[in-house]
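First up is the structure itself, then whatever we jot down about it.
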Amino acid sequence: MGKEDKKYEIDMCNGPLFGKILIFYIPLMLSGILQLLFNAADIVVVGRFAGSDSLAAVGATSALTNLIVNLFIGLSVGANVLVAHFYGAGQREELKSMVQTAVATAAVGGVILTVVGVLASQPALSLMGTPDNVISQAVLYMRIYFLGMPFMMVYNFGSAVLRAVGDTKRPLYYLLIAGMVNVALNLFLVIVFSLGVAGVAIATVISQGISAALVVRCLARSDSAYRLVLQGIRITPDKLIKMFQIGMPAGLQGALFSISNVLIQSSVNSFGYIAMAGNTAASNIEGFVYTAMNSFHQTAISFCGQNYGAMKFRRVGKVTAVCLGLVTVVGLLMGNGAYFGGNVLLRLYSSDEEVIRYGILRMLYICVPYFLCGIMDVMVGALRGIGYSIMPMLVSLTGACLFRVVWIYTAFRQVPTLQCLYISYPISWALTFLVHLACFGVVYHKLLASQS
Numbered sequence: 439m440g441k442e443d444k445k446y447e448i449d450m451c452n453g454p455l456f457g458k459i460l461i462f463y464i465p466l467m468l469s470g471i472l473q474l475l476f477n478a479a480d481i482v483v484v485g486r487f488a489g490s491d492s493l494a495a496v497g498a499t500s501a502l503t504n505l506i507v508n509l510f511i512g513l514s515v516g517a518n519v520l521v522a523h524f525y526g527a528g529q530r531e532e533l534k535s536m537v538q539t540a541v542a543t544a545a546v547g548g549v550i551l552t553v554v555g556v557l558a559s560q561p562a563l564s565l566m567g568t569p570d571n572v573i574s575q576a577v578l579y580m581r582i583y584f585l586g587m588p589f590m591m592v593y594n595f596g597s598a599v600l601r602a603v604g605d606t607k608r609p610l611y612y613l614l615i616a617g618m619v620n621v622a623l624n625l626f627l628v629i630v631f632s633l634g635v636a637g638v639a640i641a642t643v644i645s646q647g648i649s650a651a652l653v654v655r656c657l658a659r660s661d662s663a664y665r666l667v668l669q670g671i672r673i674t675p676d677k678l679i680k681m682f683q684i685g686m687p688a689g690l691q692g693a694l695f696s697i698s699n700v701l702i703q704s705s706v707n708s709f710g711y712i713a714m715a716g717n718t719a720a721s722n723i724e725g726f727v728y729t730a731m732n733s734f735h736q737t738a739i740s741f742c743g744q745n746y747g748a749m750k751f752r753r754v755g756k757v758t759a760v761c762l763g764l765v766t767v768v769g770l771l772m773g774n775g776a777y778f779g780g781n782v783l784l785r786l787y788s789s790d791e792e793v794i795r796y797g798i799l800r801m802l803y804i805c806v807p808y809f810l811c812g813i814m815d816v817m818v819g820a821l822r823g824i825g826y827s828i829m830p831m832l833v834s835l836t837g838a839c840l841f842r843v844v845w846i847y848t849a850f851r852q853v854p855t856l857q858c859l860y861i862s863y864p865i866s867w868a869l870t871f872l873v874h875l876a877c878f879g880v881v882y883h884k885l886l887a888s889q890s
């Protein structure tokens with residue numbers, strides 16, 4: 439299996455960068471899109487075969503689900519960074535211990551998430567002002583969905599380990615298998631058994647279980663230093679602490695970002711379930727653009743992480759520059775493509791003209807300037823890759839999260855329209871990117887000075 443593992447890995451510390459970044463990025467981006475297809479299949483099947491109420495119910499859970507999940511998913515960033523550091527530095531024993539700790543943490547965290555999600559769904563959705571005709575279905579969907587959290591966590595942590603050593607292909611293959619199962623089960627459970635939102639949630643849980651089993655099997659059968667030894671799996675305290683130090687700020691940032699999105703979702707809810715349905719469909723389309731851009735964020739983490747571990751600091755700057763250029767091109771092409779094709783794309787989710795009108799409105803303000811979000815995220819990835827996690831968290835929370843909350847309670851109160859609500863996104867992305875860029879400049883020059 440040693441040779442088998444090697445053919446999937448990428449040497450991030452030597453040779454030209456552009457081609458290697460693309461080879462790493464493309465399977466990663468496709469993996470992210472396949473993960474989104476889990477939810478997209480839910481939304482399309484529900485919207486077409488169970489009606490606008492059910493579509494709104496699934497959409498109403500997304501912001502809240504992200505809020506609960508992001509805290510733990512952030513820890514996988516810590517695992518990614520540390521595995522990349524140890525791999526780049528050639529520290530085999532440290533690497534083995536880190537992999538064991540990462541997978542064990544994922545399993546425990548998944549169980550905790552299941553309990554929290556099941557218990558919190560009803561009161562949290564009520565607090566968000568979810569309409570009466572939607573809330574019972576939303577609670578049912580969310581409770582079943584959270585039963586799959588251990589699977590989701592194990593897959594995310596396992597694939598983070600593989601990404602850190604340059605392997606983005608095998609996680610893609612595993613998601614392709616799981617994705618096909620998910621779509622087939624969606625159609626079967628909703629159309630044949632008329633299970634509605636419960637059917638799509640059950641399909642998602644089963645498909646997540648398949649992807650988790652495949653990634654664990656991959657790590658357990660590996661002959662490389664990152665092999666997972668299932669019999670002796672345990673959490674090493676010093677590795678857990680380091681993973682928390684890097685990953686917890688990332689998780690807190692994701693969770694607090696989700697709070698601002700929950701507030702925005704609550705504001706959208708005030709416009710009624712048709713606006714909610716349009717917002718849900720548009721958000722789902724945007725998710726594909728975001729995933730394509732966010733994959734450069736993850737690419738920057740792994741490439742910067744390995745080169746930092748290998749003490750190749752100038753290469754860290756080159757990685758960041760290449761990722762910034764590529765994410766700008768991808769963001770402009772896909773964001774504008776989604777907006778101008780929005781009328782066709784939104785009809786995949788609903789044939790209601792009012793739903794489509796609300797969806798197009800959101801896409802104008804989010805998709806067209808979406809590249810700003812991409813360049814912001816690449817700067818965060820570069821900083822995290824070299825071990826700085828608290829700094830980008832504080833900048834992001836102030837420049838984006840806090841800004842949006844303040845916007846809702848000031849500008850939106852003065853002008854309570856969806857246009858006013860949505861424009862807070864691109865403004866916050868631009869401000870946050872500029873501050874991240876300045877922070878990276880300071881840190882990068884310190885790294886170069888330390889070698890001179």
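Going by our numbering, the sequence shown opens with residue 439, and the numbers climb by one from there.
Note that CB positions come from ideal geometry on N, CA and C, so glycine has one too.
Secondary structure note for residue 621: its alpha helix (DSSP H) is the uninterrupted segment 607-625. Apart from sequence neighbours up to five positions away, the residues of its chain that approach residue 772 with a beta-carbon distance below 6 Å are 727 and 730, ordered along the chain. The Cβ-Cβ distance between residue 733 and residue 466 falls below 8 Å.
By a beta-carbon distance limit of 8 Å, residue 598 contacts residue 514. Their separation comes to about 4 Å. In this structure, residue 471 lies away from residue 702, with their beta-carbon atoms at least 8 Å apart.
Within its own chain, the residues whose Cβ lies closer than 8 Å to the Cβ of residue 512, once the five positions on either side in sequence are excluded, are 685, 686, 687, 688, 689, 690, 691, 692 and 693, listed in chain order. Between residue 499 and residue 579, the CB-CB gap stays under 8 Å. With contacts defined by Cβ atoms closer than 8 Å, residue 837 and residue 869 form a contacting pair.
Close CB contacts of residue 469 within its chain, under the 6 Å cut and outside five residues either way in sequence, are with 609, 610 and 613 (chain order). Taking the Cβ atoms as the reference, residue 623 lies roughly 31 Å from residue 537, outside the contact range of under 8 Å. Within the model, the alpha-carbon separation for residue 752 versus residue 458 is close to 17 Å. A distance below 8 Å separates the beta carbons of residue 566 and residue 502. Cβ contact annotation for residue 518 (same chain, cutoff 8 Å, sequence separation greater than five): 598, 599, 601, 602, 736, 739, 740 and 743, in chain order.
When C-alpha distances from residue 668 are compared across 865, 801 and 534, the shortest belongs to 534. Exclusion of the five residues before and after residue 709 leaves 856 as the residues of its chain whose Cβ lies within less than 7 Å of its Cβ. If you draw a straight line from the Cα of residue 449 to the Cα of residue 831, it is about 29 Å long. The Cβ-Cβ distance between residue 746 and residue 523 falls below 8 Å. DSSP places residue 790 outside any alpha helix (DSSP H), giving it a letter other than H or E.
Residue 584 and residue 544 do not touch by the CB rule: their CB atoms are close to 15 Å apart, not below 8 Å.
Minimum Cα-Cα distance from residue 748 among the listed residues 589, 482, 628 and 889 corresponds to 889.
In the displayed model, residue 855 falls within coil according to three-state DSSP, outside both helix and strand.
Within its own chain, the residues whose Cβ lies closer than 7 Å to the Cβ of residue 483, once the five positions on either side in sequence are excluded, are 624, 625, 628 and 638, listed in chain order. Contact between the region 780-798 and the region 705-719 is established, with three or more Cβ pairs separated by less than 8 Å. Residue 529 sits in coil when the DSSP states are folded into three classes, being neither helix nor strand. Spanning the alpha carbons of residue 785 and residue 777 requires a straight line of approximately 13 Å. Contact between residue 462 and residue 606 holds: their C-beta atoms lie close to 5 Å from each other, under 8 Å. The beta carbon of residue 811 lies closer than 6 Å to those of 867 in the same chain, with the five residues before and after it left out. Nearest to residue 775 by C-alpha distance, out of 755, 801 and 604, is 801. Spanning the alpha carbons of residue 841 and residue 874 requires a straight line of approximately 15 Å. Here residue 674 is not near residue 493, since their CB atoms are 8 Å or more apart.
Pairing residue 843 with residue 698 gives a Cβ-Cβ distance under 8 Å.
For residue 497 and residue 851, the gap between their C-alpha atoms comes out near 24 Å. The DSSP-derived three-state label of residue 777 is helix. For the 8 Å CB-CB criterion, residue 680 and residue 520 form a contact. Here residue 807 is buried: its Cβ has 16 or more other Cβ atoms, across all protein chains shown, within 10 Å. The region 490-552 is shown to contain no whole beta strand (DSSP E) run of 3 or more residues.
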